[in-house]
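So the sequence shown is numbered by numbering that gives the first Met the number 0: it starts at 0 and just counts up by one.
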Amino acid sequence: MRVPASESDPPDDHSAIFARELLANLYRASDPQFRATVIRSISKIDRGIFIQSLQEIIDIAREHRATELALALELTKILDDRESAERLQEQLSSIIAGRGEKCAPSYRAGHPTMIERSVY
0 MRVPASESDP PDDHSAIFAR ELLANLYRAS DPQFRATVIR SISKIDRGIF
50 IQSLQEIIDI AREHRATELA LALELTKILD DRESAERLQE QLSSIIAGRG
100 EKCAPSYRAG HPTMIERSVY
């Protein structure tokens with residue numbers, strides 16, 4: 000198994016399979032230290048799968064400080080990689096936009112946004 004240095008050096012099929020298996024273990028695991036190790040491992044083995052599964056990884060990571068810190072570290076490393084940074088930023092924008100849509104109905108129900116409050 001070959002570990003890619005960046006997305007410009009894509010993982011082989013075995014690495015992708017292993018990363019997906021780790022992701023499945025992340026869902027099943029309960030130990031925060033194990034989860035943190037799995038988060039770091041997925042990021043190193045296949046950044047594409049890591050970025051593609053980011054929403055699910057965030058949902059799991061937010062349950063414990065150790066996993067939050069592992070995720071923050073891996074996101075920082077990806078942002079330092081030119082090939083991966085743009086894809087990560089796009090995925091994060093998509094996640095943020097999705098969360099904004101979930102909040103949008105309350106704004107439409109008569110609760111002004113911060114921008115609307117500053118205009119009035």
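Don't be surprised by glycine CBs; every beta carbon is placed ideally from N, CA and C. Nothing here was measured: the structure is a model prediction, and the numbers come from that model.
Kindly list the residues whose CB is nearer than 7 Å to the CB of residue 54, restricted to its own chain and excluding five residues on each side of it in sequence; keep chain order.
94
Look up residue 175 in the DSSP assignment and say whether it is helix, strand or coil.
The requested residue 175 is not part of the displayed model; the chain covers only 0 to 119.
Are there 16 or more other CB atoms within 10 angstroms of the CB of residue 42, so buried, or fewer, so exposed?
With a 10 Å radius around the Cβ and a threshold of 16 neighbouring Cβ atoms, residue 42 comes out buried.
Continuous alpha helix (DSSP H) stretch holding residue 12: start and end:
12-27
Quick check: is the beta carbon of residue 31 nearer than 8 Å to any beta carbon in chain B?
The displayed structure is made up of one protein chain only, and chain B is not part of it.
Neighbour-count burial assignment, residue 40, 16 or more Cβ in a 10 Å radius
buried
With distances taken from CA atoms, which of 46, 32, 28 and 34 is nearest residue 16?
46
Who are the near neighbours of residue 87 in its chain, counting only those whose CB is closer than 8 Å to its CB and skipping five residues on each side?
50, 53, 74, 77 and 78
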